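Enquirer:
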Amino acid sequence: MNLTSHEIRIGLAGAAVAALAATLPLFDQGYYLSISVNIMLYAALCTAWTLFSGPTHYISLATAAFFGLGTYSVGLWINHLPYPVLVGIAALVSASLAGLVGAATLRLSGVYFVIFTLGLAELVRQLVTWAQAKFTTRMGLYVFTDMTEEHIYWMLLALTVAVFITGWAINRSRLGFAMQVIGNDETVAKHVGIDTARAKIVLFMVSGAFIGIAGAISAPRYAYIEPPSAFNPMISFLVVIMALLGGTKRLWGPLVGVVPFTIVMDIVSARFPNHTSIVIGLAFLAIVYFIPNGVTGLIEQARAKWQARQTAVGEEKAA
Amino acid sequence: MLRRTLLALAASAATLAMLPAAGLAQDEVLKIGASAPKTGPLGGGGATSHWPNIQLWVNDVNERGGIKVGDKQLKVELIEYDDKTSAEEAIKNIQRLATVDNVDFIVTPYSTGLNVATAPLIARYGYPHITTSAITDGVEEFAERWPNSFWMLGTSRELAVGAAETLTRLRDAGHIGNKVALVHVADAFGLELAGAGKPALEEAGFEIVYEASYPFGTQDVAPIISQAKAAAPDAFVGFSYPGDTFALTEQAQIQGLDVGAFYVGVGASFPAYAGRFGAAANGVLGAGGTNPDDATIQEYRARHKEVTGAEPDYWASAVTYSGLQVLEQAIEQAGTKDRAAVIEAIKTGTFDTVMGPIKFENNVNRSLWTVGQWKDGVFHGVAANGIDGAIEPVRKEGWE
């Protein structure tokens, strides 16, 4: 492990931010904690999603499938197994599904992949429904634990940190380098001898496992687990929208999308409870129109402008 | 130019959003918070049975001059949020109501799932939680788990047993034979009803000649009806949701399913059902029911129409309004805004509601309509627990 001083500085800054975020429940136990749980959930989901979709440019709408499987892993066995084991099972189950799906579809590309993942969440939901109707007489599962909002908040924070560390480790590895080549040009990657299918499947599994864990952490919060809420397709869409708003070129990109998005949506739904859909629709239009490259795009643009001005000033002085 | 205009628009919208929601409140009011679906999968149900009753109740209370709290008469101020049929949003809304808006009382969320998801929080803040749209066999357990919660819509078991008893009465009167086709939607509600309804039917000596389940959200039920028809049943029972309730009825009508009793689940009690099927709805049995001859119910239905512009359904609407009346009267009986005192008042008191007198036994309401039947555009209750006024069910005569 050779860490440059730049990396160490970023790491320390990240650790400081995470530590600061962890103290939030000490200040508020009510509304602000709840909205922070929502922000943290989507931060984890969007970053995990970006792990795969960022470098590969494959838009996956399968988030709800992995998330639902994670939720169900807890719902089905909460009365039989300790909770940490269930979180592990959630990761395994989601990763297995991602592996299966990846093997079958990651040779596809473009819109075929998007459509397939969209159908996948629905397929898994129907399979779960069918299995439950066939083998049990109760559909809703209850998950009653002693966990409160702050526990869920801390677990999601830890998960987000884990996703970041994993993402950073992958970027430094052979896999990360392979992904960069694939993202730039898949044909070139194949020609230089990268097993593109394998690399993509591995990354998809890692991403899926994290999303499954997020589902497992959310299960005690839902308390009542049923297919329509666990496999809610809105989760998939929100993740894509927030990640794209932030920008997917950098791993921290989704964060700058999730935070403002959640807060703005919250203000909108509180101020205009009867016109939420209209206002949100207008907000989407505004986002696409004004910030097509995401918030990270804006930041980088601003930085480039600033640097250009600096050099211009420097040149003038020299002349 | 366009960009600048849009920016200006966005800026003014943002300013508007920052303004305090309520105007300057001079007088003391009773702040009531509500969070329920306005959008999402349950938005339609919320718009039919839930929100209009809250609107009507707030209107009624304020027209009367408010709720008597001790020696003061307080008007009600409603703070409402859309939970988008999502548990995350619902939890956040309840937190906001409890800790930011500091409301005095919270109105029940809508549906079993959202009520259960928010119940631990509502319990933590000590608000009375009077649910009027949760129907599950878990109510006794929940009432014990959250002593501040009250369950007014009964259990799946009661509903299913009511359906079985109604068929038994029809059979004993010689209207139908012994063969039943039983279908249900494959979700918590359908499974619980089928789980209780099937043994109840078999115990009563019925023979299940056809049984099937279908996933939630199924659009095409034609194969189900044609297979049921092939089994030549005397009665058809479908534990269904609004979408499939309408679809099953439509197919039965198209394929001419010839049964002496046709029962469907949620949605059969909607005014839209009679609107859609007209005279063909005559004789259809369904979950719910009211006593439309009762003067209180008649007055309630008229006011609902007048204030909200829509007709209430013949089941959960009246229960929802009754739940709000229970809250109102409990506050007046307790004479204080103190939540613990109000919970105690709900536990011990008897309340005069549009559904008649209501009293909770271990936090569960046992006075309920279970089955209703359409008769000339009105959905009459034909089976109930602890309520009088049920009429005798009749044989369904064709689909004309």
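Going line by line, the protein sequences match chains Y and P.
Just so it is clear: in the first sequence, position 44 is 44 by full-length UniProt numbering, and no numbers are missing.
Just so it is clear: in the second sequence, position 279 is 279 by full-length UniProt numbering, and no numbers are missing.
For every residue, glycine included, the Cβ atom is placed at its ideal position computed from N, Cα and C.
Just so we're clear, the structure is a prediction, and the values are computed from it rather than from any experiment.
1) Please classify Y/Gln-310 as buried or exposed, where buried requires at least 16 other C-beta atoms within 10 Å of its C-beta.
2) To which residues does DSSP link Y/Gly-38 through a beta bridge?
3) Within 10 Å of its beta-carbon, does P/Glu-328 have 16 or more other beta-carbons around it, so buried, or fewer, so exposed?
4) Decide if the stretch 194-211 of chain Y is in contact with the stretch 58-69 of chain P; the criterion is three or more beta carbon pairs, one per stretch, under 8 Å apart.
5) What is the C-beta distance between P/Gly-239 and P/Ala-252, in whole angstroms, given that I count them as a contact (C-beta under 8 Å)?
6) Cα separation between Y/Leu-157 and Y/Gly-167?
7) Could you run through the stretch 294-308 of chain Y and flag, in chain order, every residue whose CB is less than 9 Å away from some CB of chain P?
8) Taking just the CA atoms, how far does Y/Pro-82 sit from P/Thr-350?
9) Between P/Thr-39 and chain Y, is the shortest Cβ-Cβ distance under 8 Å, so that the two count as touching?
10) List the DSSP bridge partners of P/Ala-235.
11) When the distance is taken between beta carbons, is Y/Leu-86 closer than 8 Å to Y/Val-74?
12) Step through the CB atoms of chain P and report whether any lies within less than 8 Å of the CB of Y/Glu-226.
13) For P/His-129, which three-state DSSP category applies?
14) With a threshold of 8 Å, are at least 3 pairs of Cβ atoms found where one atom belongs to the stretch 57-77 of chain Y and the other to the stretch 164-181 of chain Y?
15) Would you kindly work out how many angstroms separate the C-alpha atoms of Y/Leu-118 and Y/Val-192, rounded to a whole number?
16) Does DSSP put residue 404 of chain P in a helix, in a strand, or in coil?
17) Can you find the residues in the same chain that come closer than 6 Å, C-beta to C-beta, to Y/Leu-282, ignoring five residues on each side of it along the sequence?
18) Compare the C-beta of Y/Arg-221 with all C-beta atoms of chain P and state if any pair is closer than 8 Å.
19) With 7 Å as the C-beta to C-beta threshold (strictly closer), list the residues of the stretch 200-224 of chain P near chain Y in chain order.
20) List, in chain order, every chain P residue whose beta-carbon is nearer than 8 Å to that of Y/Tyr-31.
21) For Y/Asn-38, go through chain P and note every residue whose CB falls closer than 7 Å to its CB, in chain order.
22) Quick check on Y/Val-258: buried or exposed, where buried means 16 or more other Cβ atoms within 10 Å of its Cβ?
23) Only counting the same chain, and skipping five residues up and downstream in sequence, which positions put a Cβ closer than 6 Å to that of P/Ala-25?
24) Give the secondary structure of Y/Leu-255 by DSSP, where H, G and I count as helix, E and B as strand, and everything else as coil.
25) In angstroms, rounded to a whole number, what distance separates the CA positions of residue 421 of chain P and P/Asn-178?
26) Only counting runs of 4 or more residues, tell me where the alpha helix (DSSP H) segments fall wholly within the stretch 152-230 of chain P, in order along the chain.
27) Any C-beta of chain P sitting closer than 8 Å to the C-beta of Y/Gln-310?
28) What's the C-alpha gap between P/Gly-243 and P/Ile-358?
29) Cα separation between P/Ala-340 and Y/Tyr-153?
30) What residue ranges within the stretch 229-274 of chain Y form continuous alpha helix (DSSP H) runs of no fewer than 4 residues, ordered along the chain?
31) In chain P, which residues lie less than 9 Å from Y/Thr-276 when you measure between Cβ atoms?
32) Rounded to the nearest angstrom, what separates P/Arg-303 and Y/Pro-260 at their Cα positions?
33) Would you please state the rounded distance, in angstroms, between the beta carbons of Y/Gly-212 and Y/Ala-131? I believe it to be under 8 Å.
34) With 8 Å as the threshold, decide whether the Cβ of Y/Ala-21 is near any Cβ in chain P.
35) I'd like to know whether the C-beta of P/Asp-187 is nearer than 8 Å to at least one C-beta of chain Y.
36) Got a sec: is the Cβ-Cβ distance from P/Thr-155 to anything in chain Y below 8 Å?
Expert: The short version:
1) exposed
2) According to the sequence as given, residue 38 of chain Y is Asn; it is not Gly. DSSP, once it has assigned bridges, lists no residue as partnering Y/Asn-38.
3) buried
4) no
5) In the sequence as presented, Gly is not what sits at residue 239 of chain P; that position holds Phe. Actually they do not touch by this definition, with Cβ atoms about 15 Å apart.
6) 15 Å
7) none
8) When rounded, the distance between both Cα atoms is 44 Å.
9) yes
10) P/Val-180 and P/Ala-261
11) Yes, these two residues count as a Cβ contact at 8 Å.
12) yes
13) strand
14) No, the stretch 57-77 of chain Y does not touch the stretch 164-181 of chain Y.
15) 32 Å
16) Residue 404 of chain P is absent from the structure shown; chain P starts at 1 and stops at 400.
17) none
18) yes
19) Ser-213, Pro-215 and Phe-216
20) Lys-92, Gln-95, Arg-96, Ala-98, Thr-99 and Val-100
21) Per Cβ cutoff of 7 Å: Glu-88 and Lys-92.
22) buried
23) Confidence at P/Ala-25 is low in this model, with a pLDDT of 46, below 50, so the placement of that residue is unreliable and no value is reported for it.
24) helix
25) Outside the modelled stretch of chain P, which goes from 1 to 400, sits residue 421 of chain P, for which no answer is possible.
26) 156-172, 188-203 and 222-230
27) no
28) 31 Å
29) 29 Å
30) Counting whole runs of 4 or more residues, the stretch 229-274 of chain Y contains the alpha helix (DSSP H) stretches 233-246 and 253-271.
31) Lys-38, Thr-39, Asp-82 and Lys-84
32) 44 Å
33) Between Y/Ala-131 and Y/Gly-212 the Cβ distance is about 18 Å, and since that is not below 8 Å, they are no contact.
34) no
35) yes
36) Taking Cβ atoms only, chain Y never reaches closer than 8 Å to P/Thr-155, which makes this a no.
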